[in-house]
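Participant: First residue of the sequence shown: 302, per our numbering; consecutive thereafter.
Glycine included, C-beta positions come from ideal geometry on N, C-alpha and C.
One structure follows; several queries about it will come next.
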Amino acid sequence: MQITFKEANATLLANDLAARIQRDGFNVMAKNDFYDFVLYLLDKHSEEHFLRNCSNNENALMLKTKPEKIKTSKLNIYLRFFDAEERKKVMLNFIEQLSNNKISMDECDKTKKLLLTIEDPAVYFCIAGKMKEKLGIGHDTSFNREILKIRKQDFFTLLNSIVIEDEIFGGTRSALEKKMRAEKFTGVLGDVVDYIMDGVSNFTGEKFADLMAGTIKAGIKKFYEAARQ
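Put into structure tokens, the structure is as follows:
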């Protein structure tokens, strides 16, 4: 893969870089932070948006570095260079990646918890923080630092918070509800969409016992496609 730019975006990249240097000075930023800022601009203005759309291994091969370095850079870019709107898009990316299977979702046989494999550390950082903020639960990294474990009912409460409170699709809740009603979702997939819209505070845990990970993913995909229209 090659990184490509439209002429207008290449100009924006050069202007963003020059503005930062002129504002802060050429030697003020630490070397690794400067490298990450250049990487941020390359991704932001490229046609490929490679940091978001390609795996850590794919980016490592293209940029001739280690996957661990890509992960470190992604989190540093999120913490140091993203503005409020870009941080909101990280949450939107989470929903998008769930819908297109870039974030895998499995079910633990013993606990029936969902296991989400999130290789983008910025996405993981955001979701783990949201779990702590909204649910009061920490994330367990003892098994794998890319895998996040969460109960199904907590997962829908989390999705509801991201979709409704963070307004990642823009507009009002009523406008989003209108879109969902127009789709006339039925059956279990309809339940999944309703859980995303309403949260699950009024339901008991048993309600989700037979809701399989594949069904949840299918419902999220349908919801995402309708919400993006």
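(1) Using a Cβ-Cβ cut-off of 6 Å (strictly less than) and excluding sequence neighbours within five positions of methionine 363, which residues of its own chain qualify?
(2) Could you work out which residue in Glu369, Ile404 and Asp467 is closest to glutamate 386 when comparing CA atoms only?
(3) Counting pairs of beta carbons, one from the stretch 415-422 and one from the stretch 443-452, are three or more of them closer than 8 Å?
(4) Let me know the secondary structure DSSP gives isoleucine 463 once reduced to three states.
(5) Using a Cβ distance threshold of 8 Å, determine whether the stretch 341-357 contacts the stretch 310-322, with at least three qualifying pairs required.
(6) The beta strand (DSSP E) that contains methionine 406, what's its start and end?
(7) Is the beta carbon of glutamine 530 closer than 8 Å to that of lysine 479?
(8) Note down, in chain order, each residue of its chain lying with its Cβ closer than 7 Å to the Cβ of proline 422, except the 5 sequence neighbours on either side.
(9) Could you check if glycine 472 is buried or exposed, using at least 16 other CB atoms within 10 Å of its CB as the buried criterion?
(10) What's the C-alpha gap between asparagine 461 and lysine 390?
(11) Considering only the beta carbon of each residue, do leucine 399 and isoleucine 521 sit closer than 8 Å?
(12) Tell me the residue span of the alpha helix (DSSP H) that contains leucine 477.
Facilitator: Reading from the atomic positions:
(1) Met302
(2) Asp467
(3) The stretch 415-422 makes contact with the stretch 443-452: 3 or more CB pairs, one atom from each, lie closer than 8 Å.
(4) helix
(5) yes
(6) 405-408
(7) no
(8) Lys372, Lys375 and Leu376
(9) exposed
(10) One alpha carbon belongs to asparagine 461, the other to lysine 390, and they sit about 16 Å apart.
(11) yes
(12) 474-484
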